[in-house]
Amino acid sequence: MRLSLCTITFRHHLVSLDEIAAFARSNGFDGIELWGVHARSLDHRPERNGEWLAALGLHVPMVSDYLPLDADPVELRRRMFALVRMARRWQARKIRTFAGRKASVETDAEERHVIATRLRDLAALAADHGLSLLAETHPNTLADCGSSTLRLLEKVDHTSFAINFD
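Position one of the sequence shown corresponds to residue 775 (our numbering), numbered consecutively onward.
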């Protein structure tokens, strides 16, 4: 089993990626799941990338962010392309997000259809770049219980879409 830590763990602390990488390396972690906010904050440091982490014996299995599935489709695609660029910079093979912002029992059939369709489209976009899209199990999303998560997988129905169990 390969173990990674997520930089979101440090969202309330002023800790640099250099410090997180040193901690991960010295404590037996294999990688760092990079939260989108942290990845964007490193845009001005191009030398911090997947090659740099690989030299430390670490990798980025996924970049994690909140995709606005209810936003304008053009904005949603813009955000996804930004995540694709981040994933490529960090040599990540996966992008992780959430399946909406509403509990599955409160989501009607039309909203469920829109979210599933958008996730399918984003999974196809990810696949075009050699990536996978994952939805994390999480309260107040369409992946908040077993039955809804299975329905989501059936509705999205794309080989580059999977579930990240938290």
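Each residue gets a CB set at the ideal place from its N, CA and C atoms; glycine is no exception.
Model, not experiment: these values are computed from the prediction.
Just checking my contact of Ser778 with Glu825 at CB under 8 Å: how many whole Å lie between their CB atoms?
-> So it is not a contact: roughly 18 Å between Cβ atoms.
Keeping to the same chain, check which residues put their C-beta closer than 8 Å to that of Ala828; ignore five residues upstream and five downstream.
-> Gln865
Close beta carbons around Asn823, own chain, < 7 Å, minus the five adjacent residues each side | Arg863, Trp864
Minimum C-alpha distance to Ser906 - residue among Arg894, Leu843, Gly874 | Cα-wise, what sits closest to Ser906 is Arg894.
Can you tell which of His912, Gly802, Arg776, Glu821 has the C-alpha that lies nearest to the C-alpha of His792?
-> Reading off the sequence shown, one finds Asp at residue 792, where the question assumed His. Checking every option, the nearest Cα to that of Asp792 belongs to Glu821.
Could you check where the beta strand (DSSP E) with Val837 kicks off and where it finishes?
-> 836 to 838
Nearest-angstrom Cα distance between Arg814 and Glu910?
-> 21 Å
Buried or exposed for Leu926, please, with buried defined as at least 16 other CB atoms from any protein chain shown within 10 angstroms of its CB.
-> buried
Apply the 10 Å Cβ neighbour rule to Asp931 and answer buried if 16 or more other Cβ atoms are within range, or exposed otherwise.
-> That one is exposed.
With a threshold of 16 other CB atoms inside 10 Å of the CB of Asp844, please say whether the residue is buried or exposed.
-> exposed
Using only the heavy atoms of the ligand NAD, determine whether one of them is closer than 7 Å to the beta carbon of Gly904.
-> As for the ligand NAD, it is missing from this structure, which has no ligand bound.
Quick one: Cα of Lys929 to Cα of Arg892, how far?
-> 11 Å
Neighbour-count burial assignment, Met836, 16 or more Cβ in a 10 Å radius | Buried.
Would DSSP call Ser778 helix, strand or coil?
-> strand
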